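>
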Amino acid sequence: MAAKKQNKSSRKSWGHRLTAEADAATAELLASLDVDVALWKYDIAGSLAHAQMLSEQGILKKKEFTAIKRGLASVAEDIEAGTLDMPLALEDIHMVIETALTDRTGEVGRKLHTGRSRNDQITLDLRMWARDAAETLAQHIAELQRAFVELAERDGKTVVPAYTHLQRAQPIVAGQAMLAYVEMLQRDADRLADCRKRINVCPLGSGAVAGTSIPLDRARTAELLGFPKYSRNSIDATSDRDFLAELCFCCATLGMHLSRWCEDWIIYASSEFGLLELHDAYCTSSSMMPQKRNADTLELIRGRSANALAQLVGILTLLKGLPLAYNRDLQDDKRFAFEAVEGIRQAIAVAPGIVRAATLRQPDLTSGYLDATSLAEYLVNKGVPFRTAHGIVGTIVAEAERRDLPLSDLSLDDLQAHSDAIEADVATYLTAENVVKRYAPDGAAGAKQLTKQLRFWKRTLA
Ligand code: ARG
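In the working numbering, the protein residues as written are 3 to 464.
(1) Determine whether the beta carbon atoms of Leu-448 and Val-175 lie at a separation below 8 Å.
(2) Along the chain, where does the beta strand (DSSP E) containing Thr-166 start, and where does it finish?
(3) Should Arg-129 be labelled buried (16 or more other beta-carbon atoms within 10 Å of its own) or exposed?
(4) By how many angstroms is the C-alpha of Gly-305 removed from the C-alpha of Cys-253?
(5) Less than 8 Å separating the beta-carbons of Leu-260 and Ala-349?
(6) DSSP state of Gln-293, grouped into three classes?
(7) Classify Lys-336 as buried or exposed, calling it buried when 16 or more other Cβ atoms lie within 10 Å of its own Cβ.
(8) If you follow the alpha helix (DSSP H) that Pro-365 is in, where does it begin and where does it stop?
(9) Please report whether the beta-carbon of Tyr-328 lies at a distance below 8 Å from any beta-carbon of chain B.
(10) Give the straight-line distance between the Cα atoms of Leu-280 and Leu-452, rounded to the nearest whole angstrom.
(11) Using a Cβ-Cβ cut-off of 6 Å (strictly less than) and excluding sequence neighbours within five positions of Phe-388, which residues of its own chain qualify?
(12) Any heavy atom of ligand 1 within a distance shorter than 7 Å of the CB on Ile-269?
(13) Using the Cα positions of Gly-182 and Phe-275, report the straight-line distance between them to the nearest angstrom.
(14) Between which two residues does the alpha helix (DSSP H) carrying Ile-268 extend?
(15) When a residue counts only if its C-beta is closer than 6 Å to some heavy atom of ligand 1, which residues count, in chain order?
(16) Considering only the alpha carbon of each residue, which of Cys-250, Ala-212, Val-203 lies closest to Leu-227?
(17) Provide the residue(s) that pair with Gln-169 in DSSP beta bridges, ordered along the chain.
(18) So what does Glu-279 bridge to, in DSSP terms?
(19) By DSSP's criteria, Cys-204 is part of a beta bridge. Which residues make up the other side?
(20) Where does Thr-28 sit, in a helix, a strand or coil, going by DSSP?
(21) Examine ligand 2 and report whether any of its heavy atoms sits within less than 7 Å of the Cβ of Glu-279.
(22) Within its chain, find whatever has a CB closer than 7 Å to the CB of Leu-32; leave out the 5 residues flanking it on each side and keep chain order.
(23) By alpha-carbon positions, which one of Gly-445, Ala-195, Asp-298 ends up nearest to Glu-137?
(24) Tell me which residue opens and which closes the alpha helix (DSSP H) that Leu-300 is part of.
(25) What does the alpha-carbon distance come out to for the pair Ala-53 and Thr-214?
(26) Would you decide whether Phe-458 is buried or exposed? Buried here means 16 or more other CB atoms lie within 10 Å of its CB.
(27) Can you find the residues in the same chain that come closer than 7 Å, C-beta to C-beta, to Gly-370, ignoring five residues on each side of it along the sequence?
(28) With DSSP run on the structure shown, which of helix, strand or coil describes Ile-174?
(29) Give me the Cα-Cα distance between Thr-116 and Gly-323, rounded to the nearest whole angstrom.
(30) Hey, out of Lys-294, Ala-154, Gly-209, Asp-242, whose CA is closest to Asp-331's CA?
(31) Per DSSP, what kind of secondary structure is Thr-286 in: helix, strand or coil?
(32) In whole angstroms, what is the alpha-carbon distance linking Cys-264 and Ala-378?
(33) Whole angstroms are fine: how far does the CA of Ala-297 sit from the CA of Ala-221?
(34) For Asn-436, which residues in the same chain have their Cβ closer than 6 Å to its Cβ, ignoring the five residues on either side in sequence?
(35) Rounded C-beta distance between Cys-250 and Ala-339? I'm assuming under 8 Å.
(36) Flag this pair as touching only if the stretch 63 to 81 and the stretch 101 to 114 have three or more C-beta atom pairs under 8 Å; answer yes or no.
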């Protein structure tokens, strides 16, 4: 009785089984429309492919398929224009689209859901969305890598300190630090590409949990939707969200890398470090202190990574207690995945501009004894065991520090007082500039290694 009373736009597909209507608060909880409306294009593409397969299998008549195709196109037009009525009572985008289709095509629209459930439909939509999201993020990553490579080509030969424990360690060409981020980003891109393989499996045909007695051609639907394969197991296919959790992990890791870069650059751009100047376009000032130039964009990117990490924890928590197979908890998976991807997308979209517009400053290299390790290696070349050399140089540094001098300002006599292995040629091992010229192995922080890495990245990112 109650089902009959439902008006056209809010009627439920299960209106014959359940007679009570949800009250407003319950309807709000049940609905995911505010979030899954973002999937409408994928939902229509999936329905179209399903209907085409049904017609090729003789399950739908040609005429019926044509009517469905036209109907879906007109629904799509209205959604695009923002004119489609989307009552919350319909719960999700699948029901909104199917209801609109049926309103337009009559009986025929009621055949679309043959051999399908919203359980395989939603994971299909999500897989198509996730496939595109992975692609979009990969493009942003490549763009940021290119920006770092350009900066490294422009300013990368400048000699700067490398830090460990945020204390001056050894001199490097600055490009080595810039290309370190490119390496991290490459792993992020590789992870996304790998994740995409597991996303790219068509679940359609799995139905609600057990498949269907309708003779579907699963290979055909998969082919029509650009999936290289379809799922093996209907229970797994309808309840698996590993691919979303993985995508969230990719976002969290990418976010963590972006955050580390921002942290570095916020420090480098401070007056205390003075290594880097950010372009005005990416800074803000203070409402009170007129001199301020704050790296707010970097701080927001750093902060955004917390969001991606939170979404990863959220989706794993959502999944961990679910019995087989589909449970309604899964409706909320989208909130986590959409938020993780969109948050990181916004952050990484800004990053290449920041990198390209940054200016490197030549820092003072005479403090911090950046050449101490090189002096120890000089002694090694003269036959002194490394541990002994390390001790000798430690004593020399302590003396130089007492006299407030860099190692290169100590006289040959001063040095020789600590080791008779030291000769005049020691000068070519001292000063940061000389040290960088001596870096020998592949992957070290010298100019010739930088040239080789740049050649690799330009080829890889072309
Ligand atoms: N809107 C649901 C989701 O996002 C799909 C519908 C499945 N609902 C159901 N009661 N089986 O997961």
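C-beta atoms are modelled at their ideal positions from N, C-alpha and C, and glycine is treated no differently.
Computed from a predicted structure; not experimentally measured.
Looking at the coordinates:
(1) Here residue 448 refers to the residue found at position 446 when the sequence shown is read from its first residue. Here residue 175 refers to the residue found at position 173 when the sequence shown is read from its first residue. What sits at residue 448 in the sequence shown is Gly, not Leu. In this structure, Val-175 lies closer than 8 Å to Gly-448 by Cβ.
(2) Against the sequence shown, residue 166 aligns to sequence position 164. 161 to 166 is the extent of the beta strand (DSSP E) around Thr-166.
(3) In the sequence shown, the residue the question calls residue 129 occupies position 127. Flag for Arg-129 reads buried.
(4) The sequence position of residue 253 within the sequence shown is 251, counting from 1. The sequence position of residue 305 within the sequence shown is 303, counting from 1. The alpha-carbon atoms of Cys-253 and Gly-305 are separated by roughly 13 Å.
(5) Numbered from 1 along the sequence shown, position 258 holds the residue referred to as residue 260. Numbered from 1 along the sequence shown, position 347 holds the residue referred to as residue 349. Closer than 8 Å, so yes.
(6) Residue 293 sits at position 291 when you count from the first residue of the sequence shown. Coil.
(7) As a first step, residue 336 must be located in the sequence shown, where it is residue number 334. Buried is the call here.
(8) Residue mapping note: residue 365 aligns to position 363 of the sequence shown, counting from 1. That residue, Pro-365, is in no alpha helix (DSSP H); it is neither H nor E in DSSP.
(9) The structure shown contains no chain B; it is built from a single protein chain.
(10) The residue you call residue 280 lines up with position 278 of the sequence shown. The residue you call residue 452 lines up with position 450 of the sequence shown. Using only the alpha carbons, I get a separation of about 23 Å.
(11) Residue numbering aside, residue 388 sits at position 386 when the sequence shown is read from its first letter. If we look at Phe-388 and ignore the five residues flanking it on each side, its Cβ neighbours are Val-382.
(12) The count along the sequence shown starts at 1 and reaches residue 269 at position 267. No, Cβ of Ile-269 sits at least 7 Å from all heavy atoms of ligand 1.
(13) For the purposes of this step, residue 182 is taken as the residue at position 180 of the sequence shown. For the purposes of this step, residue 275 is taken as the residue at position 273 of the sequence shown. First, the amino acid is wrong: residue 182 is Ala here, not Gly. Between Ala-182 and Phe-275, the C-alpha separation is close to 20 Å.
(14) Here residue 268 corresponds to residue number 266 of the sequence shown, with the count starting at 1. Unbroken alpha helix (DSSP H) run through Ile-268: 244 to 270.
(15) Ser-34, Asp-38, Asp-94, Arg-120, Asn-121, Ile-124, Tyr-328, Arg-330, Leu-332, Gln-333
(16) Residue 227 sits at position 225 when you count from the first residue of the sequence shown. Ranking the options by Cα distance to Leu-227, first place goes to Val-203.
(17) Position 167 of the sequence shown holds residue 169. Paired residue(s): Thr-166.
(18) Looking up residue 279 in the sequence shown gives position 277. Answer by DSSP bridge pairing, in chain order: Thr-361.
(19) Reading the sequence shown from its first residue, position 202 is the one you call residue 204. DSSP, once it has assigned bridges, lists Tyr-232 as partnering Cys-204.
(20) For the purposes of this step, residue 28 is taken as the residue at position 26 of the sequence shown. Helix, per DSSP.
(21) Questions concerning ligand 2 fall outside what the structure shown contains, since the ligands it does hold are ligand 1.
(22) Numbered from 1 along the sequence shown, position 30 holds the residue referred to as residue 32. Here the set comprises Ala-24, Glu-93.
(23) Start at 1 with the first residue of the sequence shown, and residue 137 comes out as number 135. Considering only alpha carbons, the answer is Ala-195.
(24) Looking up residue 300 in the sequence shown gives position 298. 298 to 322 is the span of the alpha helix (DSSP H), which, as asked, contains Leu-300.
(25) Looking up residue 53 in the sequence shown gives position 51. Looking up residue 214 in the sequence shown gives position 212. Between Ala-53 and Thr-214, the C-alpha separation is close to 15 Å.
(26) Sequence index remark: in the sequence shown, residue 458 carries index 456 (1-based). Under this definition Phe-458 is an exposed residue.
(27) As a working note, residue 370 is residue 368 in the sequence shown. Closer than 7 Å at Cβ, skipping near neighbours: Pro-163, Arg-170.
(28) Along the sequence shown, one-based indexing puts residue 174 at 172. Strand at Ile-174.
(29) The residue you call residue 116 lines up with position 114 of the sequence shown. The residue you call residue 323 lines up with position 321 of the sequence shown. When rounded, the distance between both Cα atoms is 31 Å.
(30) Here residue 331 corresponds to residue number 329 of the sequence shown, with the count starting at 1. Of the listed residues, the one whose Cα sits closest to Asp-331 is Asp-242.
(31) By 1-based counting over the sequence shown, the position of residue 286 is 284. Strand at Thr-286.
(32) Here residue 264 corresponds to residue number 262 of the sequence shown, with the count starting at 1. Here residue 378 corresponds to residue number 376 of the sequence shown, with the count starting at 1. So the alpha carbons of these two residues sit roughly 34 Å apart.
(33) By one-based count along the sequence shown, residue 221 stands at place 219. By one-based count along the sequence shown, residue 297 stands at place 295. Taking the straight line joining both Cα atoms gives about 52 Å.
(34) The sequence position of residue 436 within the sequence shown is 434, counting from 1. Counting only Cβ-Cβ distances below 6 Å, and skipping sequence neighbours, we find Thr-430.
(35) Numbered from its first residue, the sequence shown carries residue 250 at position 248. Numbered from its first residue, the sequence shown carries residue 339 at position 337. Right, the Cβ-Cβ distance comes to about 6 Å (below 8 Å), so this counts as a contact.
(36) yes
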